[in-house]
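Everything on this sheet refers to the single structure shown next.
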Amino acid sequence: MTSALTTAAAGFGTGLSLIVAIGAQNAFVLRQGVRRDAVLAVVGICALSDTALIALGVGGVGAVVVAWPGALTAVGWIGGAFLLGYGALAARRVLRPAAAGLETEGEAATSRRRAVLTCLAMTWLNPHVYLDTVFLLGSVAADHGPLRWTFGLGAVLASVCWFAALGFGARLLSRFLARPTAWRVLDGLVAATMIVLGLTLIAGA
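Residue numbers -14 to 190, in the working numbering, belong to the letters of the sequence shown in order.
Shown next as structure tokens:
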């Protein structure tokens, strides 16, 4: 039980580290939340899409490792390198922060249909989402062997919590996220998590 909880917590932390970043999808969810425009639909699309992609990553990468144990070494090195790269970029943002925080101004979606289509496009047409959820999370999950689905469940929970907080708590979070200092703190946590995970993957390869 303790091992399963630890693995789920690791999945939650890893998933949250990958999701919490200034990007078009997060900015869109925050804007919709501030304006209270199709929030439930947008949050649902983001969370369900992440669930499907995480399952694809955990199942796909995990299946390859089971069929070919030597793949774990390759996955460890490649996934570790990507994680270290992500960590380095986050650390660079800490040292060279943007002049402003997350912008919430801009044109709002004028209808629920437009909001849904925009959210789908930002989620499924973004190549980074496949790298994050399918490859990186799948790589780290594969390192947990039989508990990889528990790890994936933790990552899914992180996604649901983040998007729900971002959408439904937008009016409170918008003031916090508008401050560059807040993103420096978040980026610092992301950098530390990614670097530790990257080194762990490479060490275990």
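Idealized CB from N, CA, C, for every residue including glycine.
State the DSSP-derived secondary structure class of His129, mapped to helix, strand or coil. coil
With a threshold of 8 Å, are at least 3 pairs of Cβ atoms found where one atom belongs to the stretch 104 to 118 and the other to the stretch 167 to 177? no
Asp216 - DSSP class collapsed to helix/strand/coil: Residue 216 lies beyond the residue range present for the chain, which begins at -14 and ends at 190; the question has no answer from this structure.
Is Gly139 closer than 8 Å to Ala40 when the C-beta atoms are compared? no
Start-to-end residues for the alpha helix (DSSP H) that takes in Thr108: Arg97 to Trp109
Residue from Pro131, Thr36, Val24 and Ser124 with nearest C-alpha to Thr103: Val24
Can you confirm whether the stretch 29 to 36 touches the stretch -14 to -2 when touching is taken to mean that 3 or more C-beta pairs between the two stretches lie within less than 8 Å? no
Using the three-state DSSP reduction, which class does Asp35 fall into: helix, strand or coil? helix
Check Gly137 in the structure and name its three-state DSSP category. helix
Please classify Glu92 as buried or exposed, where buried requires at least 16 neighbouring CB atoms within 10 angstroms. Because Glu92 carries a pLDDT of 49, less than 50, the predicted location of this residue cannot be relied on, and no value is offered for it.
Beta-carbon proximity check, Leu186 vs Val119, cutoff 8 Å: no
Restricting to Cα atoms, I'd like to know which of Ala167, Asp117 and Gly70 is closest to Ile180. Gly70
What residues in its chain sit with their C-beta under 8 Å from that of Ala94, if we drop five residues either side in the sequence? Because Ala94 sits at a pLDDT of 47, beneath the cut-off of 50, its placement in the model cannot be relied upon, and the point is left open.
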